[in-house]
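Student:
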Amino acid sequence: MEGLLPRFRAAHTQVLGVSVDSVYCHANWARDLGGISFPLLADFEPKGGLGKAFGYYLDKGGIDDRATVIIDSGGTVRHTSTVTPDGRRKIAELVDLCDSLDRESTTRVKEIPAPAGLPRESILYFKSRCGFSRATLIARDNLHLQDDLAAKNVTRDAQARTDLVRLTGIDQAPCLVLEGKPIHESPEIIRRLVNAATDLTA
Amino acid sequence: MLKVGERAAAFSLKDHLGREISLQTFHNKRHVMLLFYPLDWTPT
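So the protein sequences, as listed, match chains A and B.
With the working numbering as the guide, the letters of the first sequence map in order to residues 539 to 740.
With the working numbering as the guide, the letters of the second sequence map in order to residues 278 to 321.
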């Protein structure tokens, strides 16, 4: 799926995953996958609400079916299919379908510039056993930023702690340092990472 | 079950990074493809 995302992007199609799992569960699964570049929606509260709205919620099992829906920019459904929960979706066929729908579409869209990425020498300082730190590390993984963003553990790495205090005057972590400027609030850190890595602003 | 040609239900849900996502989020795309799947840790 990840490998085909550039083709969906070129076809002006936004891919969204949907299941009845929670935000927390999605975040952990995305991390286990080694990062995921498209949003996984939590159809969690009310459970299966979106699945029900489209007719794909399965009462038996309390899950959404493995179904695909393509909606155009006017909100009209252009394709529906299901392969049953145990089936496998044919992603290659779906990308071809999105290509042809894109060619037929007369909707004008701005070409979206590629995500800007992070400035060089950005650093994420974090602490062990800190939920806020963990949230920022999960975002770093999920957004495939491991290569662009050094992560330093100030609980274990004395040098990192010294660097952080020298830079910010305090050993508070998580702390994202962008172009020498510290950002301490974890929601703001995650927002900056999302904006650097995707064309979907947070 | 929703059929081709019908209007999709409006929605607003949080994603795995806590962002609020709706169809309007993607006003600069021509299509949105929803991949429903049963549970995390299964293939999408």
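Here a beta-carbon is modelled for each residue, glycine too, at the ideal position from N, C-alpha and C.
The structure presented is a predicted model; accordingly, all values stated were derived computationally and were not measured.
Between A/678, A/720 and A/697, which has its C-alpha nearest residue 733 of chain A's C-alpha?
Tutor: Per the Cα distances, A/678.
Student: Any beta-carbon of chain A closer than 7 angstroms to the one on residue 297 of chain B?
Tutor: No, residue 297 of chain B does not count as interfacial toward chain A.
Student: Quick check: is any heavy atom of the ligand GDP less than 6 angstroms from the C-beta of residue 645 of chain A?
Tutor: The ligand GDP is absent from the structure shown, which contains no ligand whatsoever.
Student: Just reading off the beta strand (DSSP E) that residue 663 of chain A is part of, what are its end residues?
Tutor: Residue 663 of chain A -> beta strand (DSSP E) spans 661-664.
Student: For residue 647 of chain A, which beta-bridge partners are listed by DSSP?
Tutor: DSSP lists no partner for residue 647 of chain A.
Student: Determine whether the beta carbon atoms of residue 676 of chain A and residue 565 of chain A lie at a separation below 7 angstroms.
Tutor: A contact, by the Cβ cut-off of 7 angstroms.
Student: Can you find the residues in the same chain that come closer than 8 angstroms, C-beta to C-beta, to residue 740 of chain A, ignoring five residues on each side of it along the sequence?
Tutor: Only weak support is given to the placement of residue 740 of chain A: the predicted model assigns it a pLDDT of 49, under 50, and the value that follows is read from those uncertain coordinates. Closer than 8 angstroms at the Cβ level, and outside the excluded window around residue 740 of chain A, lie 728, 729, 732 and 733.
Student: At which residues does the alpha helix (DSSP H) containing residue 636 of chain A begin and terminate?
Tutor: Run containing residue 636 of chain A: 629-642, per the alpha helix (DSSP H) assignment.
Student: What residue from A/708, A/655 and A/653 has the CA that sits closest to residue 663 of chain A's CA?
Tutor: Of the candidates A/708, A/655 and A/653, the one whose C-alpha sits nearest the C-alpha of residue 663 of chain A is A/708.
Student: Please say whether residue 640 of chain A and residue 550 of chain A have beta carbons closer to each other than 7 angstroms?
Tutor: Yes, the pair counts as a contact, with Cβ atoms nearer than the cut-off.
Student: Using a C-beta cutoff of 7 angstroms, does residue 740 of chain A count as contacting chain B?
Tutor: Per-residue confidence for residue 740 of chain A stands at a pLDDT of 49, beneath the threshold of 50, marking its modelled position as unreliable; no derived number is given.
Student: Name the residue from A/615, A/637, A/603 and A/633 whose alpha carbon lies nearest to the alpha carbon of residue 621 of chain A.
Tutor: The residue with the shortest Cα to Cα distance from residue 621 of chain A is A/603.
Student: Determine, using beta carbons only, whether residue 693 of chain A and residue 665 of chain A come nearer to each other than 7 angstroms.
Tutor: Taking 7 angstroms as the Cβ cut-off, residue 693 of chain A and residue 665 of chain A qualify as a contacting pair.
Student: At which residues does the beta strand (DSSP E) containing residue 720 of chain A begin and terminate?
Tutor: Taken as a continuous stretch (DSSP letters only), the beta strand (DSSP E) holding residue 720 of chain A covers 719-721.
Student: What does residue 655 of chain A touch in chain B if you count any residue whose Cβ is under 8 angstroms from its own?
Tutor: Chain B residues near residue 655 of chain A: none, gap ~17 angstroms exceeds 8 angstroms.
Student: Starting from the C-beta of residue 606 of chain A, find all residues in its chain whose C-beta is less than 6 angstroms away, skip the five residues before and the five after it, and write them out in chain order.
Tutor: Cβ neighbours of residue 606 of chain A beyond the five flanking positions: 619.
Student: With distance defined between alpha-carbon atoms, name the residue in B/283, B/295 and B/299 nearest to residue 289 of chain B.
Tutor: Comparing Cα-Cα distances from residue 289 of chain B to each of B/283, B/295 and B/299, the minimum goes to B/299.
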